[in-house]
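Participant: A single structure is presented below for examination.
Residue numbers (UniProt numbering), protein chains in the order written: chain R, 1 to 491; chain D, 1 to 491.
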């Protein structure tokens, strides 16, 4: 009885979040500029309502009573996820939540103009406030959860993951990744790569994007593709709203973005229907989410067999040109080059960007690094990891990401965890279904069915470690990722 | 203090309604079919929340305390409109509200297939339940408000309007309208009218629609144009979402629909910004709303001076053809012909459709007509008013409208009240600014400024009678409408 009362309560919350997701999507894609102030007010009221729903004082009693009830395993997992949502919403004092949200908004807003101005000095005082309040929040969470400060934040994005796991994992990864980057670059030196010649009219890019989404099994009865300045995968799992942006001179940016977001989208569309309105029916973690988008973008879309299928689609929409030859596409989309910007990084150098940020944000939160020393650390790590001199270039250095400006410390590891999970899934799938080449060429649906069966339909019914173990047959391990990279880039 | 507490409470309600309006628009324009069930659930939860906001038990005390406060006239009007919204939401017992909503949904849903099947017998039992529950609601409202049953429903759509006003008004209108229809048809007999030859590609129709919206001063910083099966004007006043539907063979349907909805939209966009989130900042009534859409569609868009401006726009988008000559457009868009379908009716016969429905719905609610006798009454009035034999054709007869299926009795008079208001405004505007011909040709902005100054910016700060008296210099009177019709159709 209490369980069903709880379920009903959280379903109502989900309905409110549905309205917020659609109106947020609308704000980014459809809304005329003059509508923004009213929208912000409406969404602000909604956020308060959602918060109030999670602060309901009856919840404590309902949880206590539900623990006594006889529940099946699904309901038990559901109860645990409701409890997690409740805990995360009620753990911090309201004053701190408000102060942090305010400082984050202020810092993020200023960042939008300070970054292009390369103004670290202007950013620092605002960022110091964000760090101070985030440390305070981390300390409160750490106390309540019995975790270290940084782990207590990591728990928000990748439940169950700990610094004690990440430290050796990333050390191992670093150990072979940095030499591998050099090796790949050496091999690629002098390799002929033909860049496709534009322009690529937007109507054609959109039609190509829709073709590729169809090839990847996106369900257009439960979602759509639109345009926004910052691409995202939003909406709700019954109605996934995917966005991209088009550049007439560059066909790859929108295309690879669409493929990446389609990975997120299929995970959302595949979440367990029976649990859809409850926390347990949501995606397991940010890392698992990223594993799906990366699987689509890296394992699938940059695979020679996929590029062989992409080539005629490119020709259909933009006419024939030598750059569209499958071999050239394969060289083009696996080009490795260290750069300053994370979001522009290739598959091989990307983890270096993430490990650099992990080092810094962990030490910021644990009090081992002060914000004013961030640039030196950044420059040092960039030199160590990618051999780049970034001194003085804050814009393309430590000011490049939005995450820290609003205090989202603990998020960055998800990107590389996603890459590791994806590589483990690739190996397991290959063992069970045969080579990816054949599947992509002849039966891509089998790949998606496998992902559905092993990841999507489980929502949050299992914890991440268990989900990964059952899907891949092993615990978290960077070796499959190493094999994936060696095979693709040195094979 | 209590006033501001109330204002804050109603602002929150407005924010929720904002989310509902945008998600409702999305449902009709953007949502893939598979998203509907989840959306319906989310909107259902929102409707409950809005209802709960209006049922808040603290409201009675706040209203009582606010009455004692020293308020300026705007705040007093605002308080009265909040009170009206509260009263309408709390007046009926919850059981009755629920039963009525259920019966209405059931009847409306069945109607969607019964109408095309011409199945009056299948419709009748469902409709009888809707009528019975609507009578019950009307009786409860009538008791509480000291009004007749029908007036208590009319009050929902056209506050202040009474049957005692409508009866003689419509009798007077009927007295000259029916002969006028004959006179116009006699005059138009044999008049050459050239129908435009299609197809009219949808991209061109949309571009034409945007041109015309620009000409009519629609503010695209606070609104947009999209497509839906049933055109409407939705969204919120800061972000008005107007829709249309396109038929490749018929350029007038979408165009005139867009112009009509643009009238609604400009009223919404012009509502007083200072009161936007409160009931007093909303449109005054359904009749006043319709007066603005009809002013745009009839007074402006079918005016020869407007059609002279439209003609080159048509040519720009679809090439030249004789039917686009201004004289031909004027004859085409003022063609009078009695027909069975209200929504297809011309400006002259339209009020006959409305008066017929008024007679019927008033007698249904006052208990002077039983649902089973509706078709005979319908056929009789159709014969009397428009000389049409509609016996047995329920589909294009008493089953044609959606309004009664969900119990929206009392709405129909708004259409013709809107036409009368519009004609009064036209005369007043002409007296103050000079002939409409010149204004349309040279300075249409002056027309919109006048409407803004006299109608839009007043929101619900004045009651309808006072708004009309101040704007037009006179009380409600059908004579200006008669002069408008005689001048346009017999002049």
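The C-beta atom is built at its ideal place from N, Cα and C for all residues, glycine as well.
These numbers come from a predicted model, not from an experiment.
In chain order, which beta strand (DSSP E) runs of at least 3 residues are fully inside the segment 94-124 of chain R?
Facilitator: As far as the segment 94-124 of chain R is concerned, it has no whole beta strand (DSSP E) run of at least 3 residues.
Participant: Does the CB of residue 5/D have a neighbour CB from chain R at under 7 Å?
Facilitator: Output row for residue 5/D: interface = no.
Participant: Along the segment 214-230 of chain D, where does the CB come closer than 8 Å to a CB of chain R? Name the residues.
Facilitator: Cβ contacts with chain R come from 219, 220, 221, 222, 223, 224.
Participant: Are the beta-carbon atoms of residue 440/D and residue 305/D separated by less than 7 Å?
Facilitator: Closer than 7 Å, so yes.
Participant: Check for me: the alpha helix (DSSP H) holding residue 166/D runs from which residue to which?
Facilitator: First-last of the alpha helix (DSSP H) with residue 166/D: 163-188.
Participant: Buried or exposed: where does residue 499/R fall if 16 or more other Cβ atoms within 10 Å of its Cβ makes it buried?
Facilitator: The structure shown does not extend to residue 499/R, since chain R is modelled only from 1 through 491, so no value can be given for it.
Participant: Alpha carbon to alpha carbon, how far is residue 152/D from residue 233/R?
Facilitator: Cα to Cα, residue 152/D sits roughly 48 Å from residue 233/R.
Participant: Using 7 Å as the limit for Cβ to Cβ distance, is residue 45/D near chain R?
Facilitator: It does; some Cβ of chain R falls within 7 Å.
Participant: Under a Cβ-count criterion, where at least 16 other Cβ atoms within 10 Å of its own Cβ denotes burial, should residue 131/D be classed as buried or exposed?
Facilitator: Under this definition residue 131/D is a buried residue.
Participant: Using 10 angstroms around the beta-carbon of residue 221/D, count the other beta-carbons present and answer buried if the total reaches 16, otherwise exposed.
Facilitator: With fewer than 16 Cβ atoms within 10 Å of its Cβ, residue 221/D is classed as exposed.
Participant: Quick check on the DSSP output: the alpha helix (DSSP H) that includes residue 393/R runs from which residue to which?
Facilitator: It is not in any alpha helix (DSSP H) - residue 393/R carries neither H nor E in the DSSP assignment.
Participant: State the CB to CB distance for the pair residue 99/R and residue 43/R, rounded to an integer number of angstroms; the pair is presumed to be in contact (CB under 8 Å).
Facilitator: At roughly 20 Å, the Cβ-Cβ gap does not stay under 8 Å, so residue 99/R and residue 43/R are not in contact.
Participant: According to DSSP, what are the bridge partners of residue 250/D?
Facilitator: Its beta-bridge partners are 247/D.
Participant: Find out if the Cβ-Cβ distance for the pair residue 196/D, residue 251/D is shorter than 7 Å.
Facilitator: Cβ distance < 7 Å, so residue 196/D and residue 251/D count as in contact.
Participant: Taking C-beta pairs closer than 7 Å, name the residues in chain D that residue 35/R reaches, listed in chain order.
Facilitator: The contacting residues are 222, 238, 239.
Participant: Spatial neighbours of residue 391/D within its chain, please: CB distance less than 6 Å, with the 5 preceding and 5 following residues excluded, ordered by chain position.
Facilitator: Result list for residue 391/D: 379, in chain order.
Participant: Could you pull out every residue in the same chain whose Cβ sits closer than 7 Å to the Cβ of residue 228/R, ignoring the five residues on either side in sequence?
Facilitator: So the list reads 28, 29, 243, 245, once near-sequence residues are dropped.
Participant: So, with DSSP's three-state summary, where would you put residue 240/D?
Facilitator: If DSSP states are grouped into helix, strand and coil, residue 240/D belongs with the strands.
Participant: Would you mind working out which of 450/D, 330/D, 467/D sits nearest residue 311/D, comparing C-alpha positions?
Facilitator: Comparing Cα-Cα distances from residue 311/D to each of 450/D, 330/D, 467/D, the minimum goes to 330/D.
Participant: Are residue 414/D and residue 287/D touching if we call contact CB-CB under 7 Å?
Facilitator: Yes. Within cutoff.
Participant: So, do the segment 319-335 of chain R and the segment 457-468 of chain R have three or more beta carbon pairs nearer to each other than 8 Å?
Facilitator: They do not touch, by the three-pair rule.
Participant: Please look up how many angstroms separate the CB atoms of residue 471/D and residue 455/D, rounded, as I've assumed it's under 8 Å.
Facilitator: That belief holds up - the Cβ atoms of residue 471/D and residue 455/D are roughly 6 Å apart, short of 8 Å.
Participant: To the nearest angstrom, how far is it from the Cα of residue 307/D to the Cα of residue 209/D?
Facilitator: Approximately 14 Å between the Cα atoms of the pair.
Participant: Are residue 459/D and residue 223/D close, meaning C-beta to C-beta below 7 Å?
Facilitator: Their beta carbons are not under 7 Å apart, which means residue 459/D does not touch residue 223/D by this criterion.
Participant: Would DSSP call residue 225/R helix, strand or coil?
Facilitator: Looking at residue 225/R - three-state DSSP - the assignment turns out to be strand.
Participant: In terms of residues, what are the limits of the alpha helix (DSSP H) holding residue 488/D?
Facilitator: Element bounds for residue 488/D: 479-490.
Participant: Under 7 Å, Cβ to Cβ, is there at least one residue of chain D near residue 50/R?
Facilitator: No, because no Cβ of chain D sits closer than 7 Å to the Cβ of residue 50/R.
Participant: Which class does residue 398/R belong to by DSSP, given the choice of helix, strand or coil?
Facilitator: It is coil, neither helix nor strand.
Participant: Tell me the rounded alpha-carbon separation between residue 64/R and residue 23/D.
Facilitator: C-alpha separation (whole angstroms): 36 Å.
Participant: Please determine, among 236/D, 68/D, 13/D, 447/D, the residue with the shortest C-alpha to C-alpha distance to residue 56/D.
Facilitator: Here the closest residue by C-alpha is 13/D.
Participant: Can you list, in chain order, the residues of its chain whose CB lies under 6 Å from that of residue 324/D, leaving out five sequence neighbours each side?
Facilitator: Only 311, 314, 315 meet the Cβ criterion.
Participant: Determine the closest residue to residue 447/D out of 267/D, 125/D, 180/D, with distance taken between C-alpha atoms.
Facilitator: The candidate whose alpha carbon is nearest that of residue 447/D is 267/D.
Participant: Rounded to whole angstroms, how far is the Cβ of residue 157/D from the Cβ of residue 411/D, which I believe are closer than 8 Å?
Facilitator: Indeed, because the Cβ distance is near 5 Å, the residues count as touching under 8 Å.
Participant: Since residue 466/R is in the alpha helix (DSSP H), which residue starts that stretch and which ends it?
Facilitator: First-last of the alpha helix (DSSP H) with residue 466/R: 464-472.
Participant: How should residue 161/D be labelled, buried or exposed, when 16 other C-beta atoms within 10 angstroms of its C-beta is the threshold for buried?
Facilitator: Looking at its Cβ environment, which holds 16 or more other Cβ atoms inside 10 Å, residue 161/D is buried.
Participant: Tell me whether the beta-carbon of residue 3/R lies closer than 7 Å to the beta-carbon of residue 69/R.
Facilitator: In this structure, residue 69/R lies closer than 7 Å to residue 3/R by Cβ.
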